[in-house]
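Quick notes on the structure that follows.
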Amino acid sequence: MHKIPSVAPIDFENIAKGMYKDKRQDSNWTKTSISENDIELLVDVFKELSGTRIRSSLTFGETNLIGTRDFYALIRHYLETRENPRQSFEGVMRNLGGYKGREYQDPLTDILQKMSGLRKEQVLEKMNCWGALQCIKANLNNIHCRHCLLICEKQHSWQLLLDHDILPYDDVVFLFESQFPADLTASTNYDHLQKVSNCMAAGKKVVLFNLKSIHECLYDMLNQRYQINRQGQNVCGMSVDSRSRECIVADTFRCIVVIREESFNDPMQKAFFHRFEKQWISYRKSLPLSLTKKAEAFQKYLCKIYDTSNQELSSLFCGFNEDTIPSAISCALPLESLSSTDSKNEELKPNEIDLLHQLFSPLLNPEKIVDLCIHKRFSNNQIMPTFFTFKEVVSETQELCNSKMLLILTFDEMQNAFQRKWDCKRVEDYAKVSHFEQDVKQFFTGSDSDKFVIRFQHKNSEDLTRLFQIKWIFETAHASYYKDSKDEDEEKDSNTRKSKRKKLVVLIVRSMHKLQNPFPLIFTKFISLSFFDINFICILILKIGKNIENGRRYLWIHWLVNLYFLCKIYFKTIN
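Sequential numbering of the sequence shown, starting at 77, is according to this note's numbering.
Written out as structure tokens, the structure reads:
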């Protein structure tokens, strides 16, 4: 990758002042709120932050987080926007403030406080106005800035961009490192490069998800080394084998590179990463302080009503993790509340509790409820869990299929009777992702079926790339189908609108008990989550447990638990 020459600390100020003087000579330059003193201030901010280092497990020592390209982008931002850095922190937060670790954010806060002369509370409030999501949105709307590097704390963190409508389905293309067996060839990279080229020409946004294999081919695009052809269009080279292909780049084209946080610590990739605006994204750290307090309050609420500890929540709700409640808040509460910095809005309101509890109730694990009953920890609880069969869950979600898809978590093995009844497909039966895409397209455009049911087998792995890939294919096809349906409905009368066929996508994720890397329970805006198991025995346990004598309750429950496991596989296939 092309490397910018190192700059001595004493030369930063001369470079910045030179950029300022060149900008003032521009014919479009007018009197603005930014001065040469402000430029000197930005240089001081960069110098202080460039000395801040974090510990890295991969480099076995300390590593710095910002580079020379970040400095140029910082100065260029304020010269282009002509904003006063004391009043607007946008440029600093976008180019220097992406890393959310405390060892970096604390010095950044102190430096900005010294720069602006504001109280610490005021500085934190202005910084919160430019959190990761706001910075990414601003990046995508600015055609003159660098492309964006999205560093995910967890592999699922990127889904925040979809929940907050930062990436509209009709204007973005996601490219994944396909793990379907027949896609593990070099030809798949050619397909990816062609899709990137199409996005560049059409001015769409493209997201490269862990696609390190094609970064070198996209050298000019990622470095934004554009030239202008005879037609006045931006063009850049794309390396394919030993040849370079010229590609048109529309002004509105934007690229996001998605990586895991562990990958960012790779010293071999350090120079490459400095080419981007870097934003660390996390469900937990993307919430403002007021909503973080609400997340903590709701976790205490769950522990109280189900009489469990924080450690037991992962067995009560299969796949529960530190991002589960933040994702529920991000998904369920109004978007305007997610950017609120009002400290008075920290208490969890009754209607918010009900809204969040409705998300969690369908995910209760019947086996854990049985365990709570056995130990008499749940018998006095006024909230009695309600369990549903697969058919009931599907029927209920069918009414909401224009805005929701259904993802079902289960520990049950999918039997032949179940497959035949629901025409359930299996992800592992597809050799290429293109075959899967064809089936999904056929379902939404040419099939009379109203349900597409497919099972994904989650193994003991942190890598969820294949699941994200099929989920994205479903979501884009679903969004396109119902957008087209809505456009058609506007041209038809109400009688025709009522007869429009509803199509539901059902994705069943089968996991195993007590995996080291269980399937993460994450709520998203367009997915309705549910957990199902053989549950009518559990309902019977609860009913009998309330009506028999205390002295005999344990024997009854012990017998029913044994019956539960004996009947588990068989009854689920017919429900």
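We treat Cβ as the ideally placed atom computed from N, Cα and C, and that holds for glycine.
Can you tell me whether residue i is buried or exposed? The criterion is at least 16 other CB atoms within 10 Å of its CB, across all chains shown.
i, result
"Ile-304", "exposed"
"Thr-328", "exposed"
"His-153", "buried"
"Ala-507", "exposed"
"Asp-399", "buried"
"Ala-92", "buried"
"Arg-496", "exposed"
"Asn-593", "exposed"
"Gly-94", "exposed"
"His-223", "buried"
"Ala-371", "buried"
"Gln-518", "exposed"
"Ile-219", "exposed"
Does the distance from the C-beta atom of residue i to that of residue j stay below 7 Å?
i, j, result
"Cys-228", "Arg-162", "no"
"Glu-213", "Val-249", "Checking the sequence shown, residue 213 turns out to be Lys, not Glu. No, the pair does not count as a contact, with Cβ atoms beyond the cut-off."
"Val-469", "Trp-498", "no"
"Gln-533", "Arg-586", "yes"
"Thr-264", "Ser-254", "yes"
"Arg-306", "Met-314", "no"
"Ser-366", "Ile-484", "no"
"Leu-363", "Phe-393", "no"
"Asp-239", "Thr-600", "yes"
"Leu-243", "Leu-237", "yes"
"Gly-395", "Pro-596", "yes"
Can you grab the Cα-Cα spacing for the pair residue i / residue j, in whole Å?
i, j, result
"Gly-522", "Glu-513", "13 Å"
"Gly-167", "Phe-463", "51 Å"
"Lys-361", "Asn-492", "44 Å"
"Arg-178", "Ile-429", "30 Å"
"Asn-397", "Gln-545", "22 Å"
"Glu-475", "Ala-555", "16 Å"
"Trp-105", "Asp-259", "53 Å"
"Gly-193", "Asp-186", "10 Å"
"Ala-347", "Val-582", "43 Å"
"Leu-431", "Ile-86", "56 Å"
"His-291", "Leu-298", "8 Å"
"Leu-269", "Ala-326", "16 Å"
"Cys-500", "Arg-542", "18 Å"
"Cys-407", "Asn-113", "44 Å"
"Tyr-180", "Thr-128", "7 Å"
"Lys-376", "Leu-141", "36 Å"
"Gln-345", "Ser-339", "8 Å"
"Lys-369", "Leu-216", "30 Å"
"Asn-90", "Lys-547", "50 Å"
On a CA-only basis, which of the options is nearest residue i? Give me that one, please.
i, options, result
"Lys-97", "Ala-84, Pro-85, His-433 and Ser-111", "Ser-111"
"Met-169", "Tyr-359, Tyr-506, Cys-449 and Cys-205", "Cys-205"
"Leu-316", "Asp-267, Val-283, Arg-360 and Lys-497", "Going by the sequence as given, residue 316 is Val instead of Leu. Nearest option by C-alpha distance: Asp-267."
"Ile-332", "Asn-341, Lys-346, Met-314 and Lys-354", "Lys-354"
"Glu-422", "Leu-580, Lys-196 and Phe-374", "Phe-374"
"Leu-172", "Gln-101, Ala-149, Leu-440 and Tyr-377", "Ala-149"
"Phe-88", "Arg-145, Lys-196, Thr-128 and Lys-99", "Arg-145"
"Lys-99", "Leu-118, Val-121, Ile-151 and Thr-128", "Ile-151"
"Lys-48", "Glu-159, His-223 and Val-121", "What is shown of the chain runs 77 to 651, which leaves residue 48 out entirely."
"Leu-226", "Asp-246, Val-83, Phe-256 and Leu-284", "Leu-284"
"Ile-603", "Thr-368, Ala-404 and His-433", "Ala-404"
"Leu-482", "Lys-579, His-223, Gly-174 and Ser-273", "Lys-579"
"Ser-471", "Lys-527, His-451 and His-433", "Lys-527"
"His-589", "Phe-494, Asp-515, Glu-489 and Asp-505", "Glu-489"
"Ile-584", "Leu-117, Val-503 and Gly-174", "Val-503"
"Asn-160", "Pro-442, Asn-427, Leu-117 and Asn-441", "Leu-117"
"Thr-486", "Gly-308, Phe-340, Asn-441 and His-511", "Asn-441"
"Glu-538", "Asn-217, Gln-231, Cys-449 and Tyr-175", "Gln-231"
"Tyr-382", "Val-334, Leu-448 and Val-272", "Leu-448"
Within the continuous alpha helix (DSSP H) that includes residue i, where are the two ends?
i, result
"Met-169", "166 to 171"
"Ser-510", "509 to 521"
"Lys-123", "112 to 126"
"Arg-178", "178 to 192"
"Phe-88", "88 to 100"
"Val-272", "262 to 278"
"Ser-320", "Taken as a continuous stretch (DSSP letters only), Ser-320 belongs to no alpha helix (DSSP H), being part of the beta strand (DSSP E) at 319 to 325."
"His-469", "Looking at the sequence shown, residue 469 is not His but Val. Here the alpha helix (DSSP H) through Val-469 covers 466 to 474."
Locate the beta strand (DSSP E) running through residue i, then write down its first and last residues.
i, result
"Thr-486", "481 to 486"
"Ser-604", "603 to 607"
"Asn-310", "310 to 316"
"Phe-652", "Given that the chain is displayed from residue 77 to residue 651, the structure contains no residue 652 and the question cannot be resolved."
"Lys-281", "281 to 285"
"Arg-586", "580 to 586"
"Lys-354", "353 to 357"
"Phe-252", "248 to 252"
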